[in-house]
Each structure stands twice: as C-alpha cells, then as structure tokens.
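A.B. asks:
Protein chains: 2
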Amino acid sequence: MSEPDFAAVAALAGEPARAIMLATLFDGRALAAGELARAAGIAPATASAHLGKLAEGGLVRVRAQGRHRYYQLAGPVVAHALETLGAVARPVPVRSLGDALRMQRLRRARSCYNHLAGEIAVAIAQALVRHGALEPDDDGFRLGAGARPLLARIGVDLAAVVRDDRAHVRACVDWTQRRLHVAGALGAALLDALLGSGALQRRREPRALDVTPSGDALLTAAFGIDSTALDALGA
Amino acid sequence: MSEPDFAAVAALAGEPARAIMLATLFDGRALAAGELARAAGIAPATASAHLGKLAEGGLVRVRAQGRHRYYQLAGPVVAHALETLGAVARPVPVRSLGDALRMQRLRRARSCYNHLAGEIAVAIAQALVRHGALEPDDDGFRLGAGARPLLARIGVDLAAVVRDDRAHVRACVDWTQRRLHVAGALGAALLDALLGSGALQRRREPRALDVTPSGDALLTAAFGIDSTALDALGA
DNA sequence: GCAACGCTTCGTTGGCGAGCGAAACGTCAC
DNA sequence: GTGACGTTTCGCTCGCCAACGAAGCGTTGC
Numbered sequence: 001m002s003e004p005d006f007a008a009v010a011a012l013a014g015e016p017a018r019a020i021m022l023a024t025l026f027d028g029r030a031l032a033a034g035e036l037a038r039a040a041g042i043a044p045a046t047a048s049a050h051l052g053k054l055a056e057g058g059l060v061r062v063r064a065q066g067r068h069r070y071y072q073l074a075g076p077v078v079a080h081a082l083e084t085l086g087a088v089a090r091p092v093p094v095r096s097l098g099d100a101l102r103m104q105r106l107r108r109a110r111s112c113y114n115h116l117a118g119e120i121a122v123a124i125a126q127a128l129v130r131h132g133a134l135e136p137d138d139d140g141f142r143l144g145a146g147a148r149p150l151l152a153r154i155g156v157d158l159a160a161v162v163r164d165d166r167a168h169v170r171a172c173v174d175w176t177q178r179r180l181h182v183a184g185a186l187g188a189a190l191l192d193a194l195l196g197s198g199a200l201q202r203r204r205e206p207r208a209l210d211v212t213p214s215g216d217a218l219l220t221a222a223f224g225i226d227s228t229a230l231d232a233l234g235a
Numbered sequence: 001m002s003e004p005d006f007a008a009v010a011a012l013a014g015e016p017a018r019a020i021m022l023a024t025l026f027d028g029r030a031l032a033a034g035e036l037a038r039a040a041g042i043a044p045a046t047a048s049a050h051l052g053k054l055a056e057g058g059l060v061r062v063r064a065q066g067r068h069r070y071y072q073l074a075g076p077v078v079a080h081a082l083e084t085l086g087a088v089a090r091p092v093p094v095r096s097l098g099d100a101l102r103m104q105r106l107r108r109a110r111s112c113y114n115h116l117a118g119e120i121a122v123a124i125a126q127a128l129v130r131h132g133a134l135e136p137d138d139d140g141f142r143l144g145a146g147a148r149p150l151l152a153r154i155g156v157d158l159a160a161v162v163r164d165d166r167a168h169v170r171a172c173v174d175w176t177q178r179r180l181h182v183a184g185a186l187g188a189a190l191l192d193a194l195l196g197s198g199a200l201q202r203r204r205e206p207r208a209l210d211v212t213p214s215g216d217a218l219l220t221a222a223f224g225i226d227s228t229a230l231d232a233l234g235a
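Heads up: the protein sequence lines correspond to chains A and B, in order. No gaps in the numbering here: position 126 of the first sequence is 126 in the numbering used here, and each next residue is one more. No gaps in the numbering here: position 187 of the second sequence is 187 in the numbering used here, and each next residue is one more.
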C-alpha cells in the first residue's frame, strides 16, 4: 500500500492534454483519435500515446472500426469522478461580467455525462417526487405510480426507458448543489426529450445548456417550476 | 475554457508524494507538516513545497499553532472526490490470498473521511430506513420519528448530533456499492459510537475496519443485520 | 539570552515524460 | 495493385518539476 489507489487515476486525468480529451469525451460520445488530437491541439503521435495510457488506466474504452479507432469514456463512473473533481476546483476568479454570466448559466443547467445537471435538474427531481412520479428510496429514487402520465407531458416515453436494461433511475449527486438529481436511463431520456422538444438548447461552451422560453413554459406547465426563481432553492 | 476545471485538482492529487499525504489525511485528522513528510518519505523541504501547492489548490487547509503547522483536508468534498477517483481505479490484480482477503474486508467495512462506508454502512442505512429512524428524501435522508431510541441502542446520542451545526444527515454514495449510506454529523457519530463500543476496530491498513464478534451481536440485536451474509446485498 | 526545534525559502541538480517527425502498419477507394 | 488516409511505433530532444542541502525565520524551553 505504498501508493494510494486514486493516485494513478488522478495522474492520468491531470495532464493538460489528456484532461482536454477527457473533457471532450465527457458527454459520452465516441470520438476518433484524430479528432481528439485536434481538440487537444497536439500531434496525432502524441495523442496516440496519451490515449493508450488512458485506455491502460481504464479511463477510456476503444472500439476499432475500419481505419478509425473510436475512444469513449469507460463508463458513467469515470464521468462522475471527473465531475466530482471539478466540484473541488477553486471557484474560478471572475475576471469579467461575461465570466460571471457564463458561470451562472452553468450552475443553472448543464449536461453531466449523458444526463441533466444543475439547479434545473435538482428542481425537476424534486418536482417529480412531489407529483409522485418518483419516490425517494434508500438507494436514491425509484419509479412511482404517477410516473407515466407526468413524464409523457414533457415528451418522455416511459416504456422506452423501462425497456432499457440499464438501471432505470439512478441518483447522481450534484456537488455544486449537494443535492440529488436524476441519472441513469431516465436521466438520459429526460435530457434527450428536453433537448428534442427545444425546451433546452446546447450552448457553444461544451456542457452548457440554455432554457428556452418554450422550455420555461413547459416546465412551468408540467411541474410548476419557475426557472427564473431557482436561486431560492438549495439549502 | 482551454483547460478543464478538473485538471488542476487531478494534477495535484496525482503526484505520488502528494497522493500519499492526501491519503494520510483522508480520515479528516490534522497532521503536522513533518509527520506528513515522514509519511511520504521525503525531506521536509520537499513536503513543504507540496503542501503549499495543495493549499493553493484548495485541497488542504492550514492551521498554524506554535511552531507547528497542521494540515488537513479542506473538507468532505475533497475526501469524496478522492474516494470517487479510487472507485475508477482498476481492480488491483490479486496477487495473493492475503490480497483477496484484505480487499474483501475493505469492501465490507472501511472509514470514508469521518464516517463509515462499505457494505456494512449500506446495510445500516437500509436498516435505519426500515426501522423508521431515517426517511428517504429527495435530498438523501432525513431524521425520522423513531430515530432517538433506535440510535440509542447502538450508543449514539441523538441530542449531540442535532446540536452539531453541520448538516445532520447527509447521503454519501459508495461507488463500490453504488448505494447510499449515511454521512454528515450522524455518519460521524455512528462511526465514533461503533468504534467506541468496540463493535468496530481499526485494522493496521489505513482505512480498514473489522467487525468484532461483539459488533456482530450488536448489529444483529439492534437491526437484524447478519454481517456474515452481507454479500447477498447489492444490486 | 541562547540553543533546539519546526517549518519555509532559496538555488541547484537530475530524471521523467510530453512533444514531434519519420517510418511502419492496417484499411479503404478506385 | 497502388495510392491516400488514419493510427500506431520508434527514436530523439527539451522543458518542467520533484528532490535535496543550506540558510533564514519564528517559536519553545531552560
């Protein structure tokens, strides 16, 4: 036990070029080695070495397809670890009004791996509990009786979620909020539905999301969430 | 956004000597710089530089007292991040029967920052819910009606917990188990009580805990937990 | 006071690893 | 087949950072 087990993983994720690649893969996509090299601003040879180490360390998985090799995060656990690490990071000194606004938007709504996070996500989880679609559980959440009609209102087909063999509902702790929100298959379906219906919209920054006016209306109508008053939430 | 926010933290935690120091601090103690230097096997000068960086990065806090400077983790968030990173680490190749047994014990019961983790912790959380001492919540857990007498059975003085100004009950996700267990003030009180009464016992390895025979009896009597059958738990 | 102690700062050295270009390997297109 | 492309392997260079000893600063104890 000379070296703690987290050290190797941290060292892998800590190198700048590798960190950029991991961040690029954060949403769960599988990208070719060349694309990751370009994203990190390094030569293909260097990227290959980095990706080899990340794979060796179990942070990414490789899928060879033709002359491409597609890399993606090894699983939600990796994404969760990166997210948690980010929560430790010093609040970035705000240099400009633009920075502050960007931060505020990121706190409000962002994607976390393949699901929704931020104040909006916490509010939705609480609303789902309040309306009986979810029930708190000693394991996080489980589906409640009123789930199907309520979820249908925002365009989530519950049958498709249940068919999915992943854990249907998983809780994810948002460490900027210290509160649970919905991950797992339902979390992914929620994000897809809200993006598909135009309620949410991806911003130019990697993980940032915007709530559109129609999204505001939808969330208010379906759950009674007033997304302009979200700051009043947390404990 | 050239460098992801987790990179700096990961780089800090990834350097071997710093990782050893962080691991040494993992249980929340405050240790003097010299002790950490010895633990990491480096000269005081080197340790000082490392600790300076860790403090600068917000991973540890310093408290000067006389001619000593005591360092400790900056908070539970840091411990949680390290724990989560460890969950990503490849399952260490088992080299010997001793390794396997050590691993099994660590899965069963260990300390996580200042509270109890592992299968035992998950089982206790579930039992507390089952007996009405805790109620699942969209935020994790909250105290239930039957909390006081039940917790008294295992030597936890609920009044002392409530007096504590930390969040009384917080949920912590054990990522080797993917299930919630009790953290926060109650989590810390639980660990203290079980250690104090001899139900649990620290092993030589840093975070490992043993359930003593008297602890087995106590858990069975209080909660109906059969600690020899815990493997049957998880999902 | 003076000496012992704990810690930090400074200046220097040395080794590890990120980075690249060149070349080899495999795949696809025609 | 042949050439273009994506990726990996190899050999090399260079910069960064961990590590140490020595010196400086504050605290404790006699």
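Each residue gets a CB set at the ideal place from its N, CA and C atoms; glycine is no exception.
Any beta carbon of chain B sitting closer than 8 Å to that of A:H131?
C.D. replies: no
A.B. asks: Is B:A209 near B:S111, with beta carbons less than 8 Å apart?
C.D. replies: Residue identity differs from the one stated: residue 209 of chain B is Leu in this sequence, not Ala. Contact flag set, yes.
A.B. asks: Ends of the alpha helix (DSSP H) at B:Q104?
C.D. replies: L97 to R108
A.B. asks: By Cβ distance below 6 Å, which residues in the same chain neighbour A:S197 in space, the five residues on each side in sequence not counted?
C.D. replies: G155
A.B. asks: Check the Cβ-Cβ distances between A:V9 and every residue of chain B, and say whether any is below 8 Å.
C.D. replies: yes
A.B. asks: Okay, do the segment 118-127 of chain A and the segment 171-182 of chain A touch, 3+ Cβ pairs below 8 Å being the bar?
C.D. replies: yes
A.B. asks: Going by DSSP, what residues sit across from B:S111 in a beta bridge?
C.D. replies: Looking at the DSSP assignment, B:S111 forms a beta bridge with B:L116.
A.B. asks: Starting from B:Q104, find everything on chain A with Cβ-Cβ shorter than 8 Å and list it in chain order.
C.D. replies: Going along chain A, no residue has its Cβ under 8 Å from B:Q104, so there is no contact; the nearest lies around 16 Å.
A.B. asks: Output, in sequence order along the chain, the residues in the segment 102-126 of chain B whose CB is closer than 8 Å to any CB in chain A.
C.D. replies: A125 and Q126
A.B. asks: Would you mind telling me which residues of chain A sit closer than 7 Å to B:T84, beta carbon to beta carbon, in chain order?
C.D. replies: H80, A81 and T84
A.B. asks: Considering only the beta carbon of each residue, do A:F223 and A:I124 sit closer than 8 Å?
C.D. replies: Yes, the pair counts as a contact, with Cβ atoms nearer than the cut-off.
A.B. asks: Determine, using beta carbons only, whether A:L191 and A:V169 come nearer to each other than 8 Å.
C.D. replies: no
A.B. asks: Measuring CB atoms only, is the segment 64-80 of chain B touching the segment 72-79 of chain A, in the sense that at least three cross pairs come out at less than 8 Å?
C.D. replies: no
A.B. asks: Among the candidates A:A221, A:G215, A:E205 and A:Y71, whose CA atom is the shortest distance from the CA of A:M103?
C.D. replies: Ranking A:A221, A:G215, A:E205 and A:Y71 by Cα distance to A:M103 puts A:E205 first.
A.B. asks: Grouping DSSP H, G and I as helix and E and B as strand, with all else coil, what is B:L181?
C.D. replies: The residue asked about is misnamed: residue 181 of chain B is His in this sequence, not Leu. In this structure, B:H181 counts as strand in the three-state DSSP scheme.
A.B. asks: Taking the alpha-carbon positions, what's the B:T212 to A:A127 distance?
C.D. replies: Going from the Cα of B:T212 to the Cα of A:A127 covers about 44 Å.
A.B. asks: Does B:T84 pass the burial test, meaning 16 or more other C-beta atoms within 10 Å, or should it be called exposed?
C.D. replies: buried
A.B. asks: Which bits of chain A does B:R179 rub up against, with CB to CB less than 9 Å?
C.D. replies: Neighbours of B:R179 on chain A, chain order: D138, D139 and G140.
A.B. asks: Quick one: does B:A23 have its CB under 8 Å from some CB of chain A?
C.D. replies: yes
A.B. asks: Can you tell me whether B:G140 is helix, strand or coil according to DSSP?
C.D. replies: strand
A.B. asks: Can you list, in chain order, the residues of its chain whose CB lies under 6 Å from that of A:H115, leaving out five sequence neighbours each side?
C.D. replies: A183, G187, A188 and L191
A.B. asks: Of all Cβ atoms in chain B, is any one closer than 8 Å to the Cβ of A:G66?
C.D. replies: Cβ-Cβ to chain B under 8 Å: no for A:G66.
A.B. asks: If the cut is a Cβ gap below 9 Å, which residues of chain A does B:L59 touch?
C.D. replies: Here the neighbours are V88.
A.B. asks: Classify B:D226: buried if its beta carbon has 16 or more other beta carbons within 10 angstroms, exposed otherwise.
C.D. replies: exposed
A.B. asks: Do you know how far the Cα of A:G140 is from the Cα of B:V129?
C.D. replies: 12 Å
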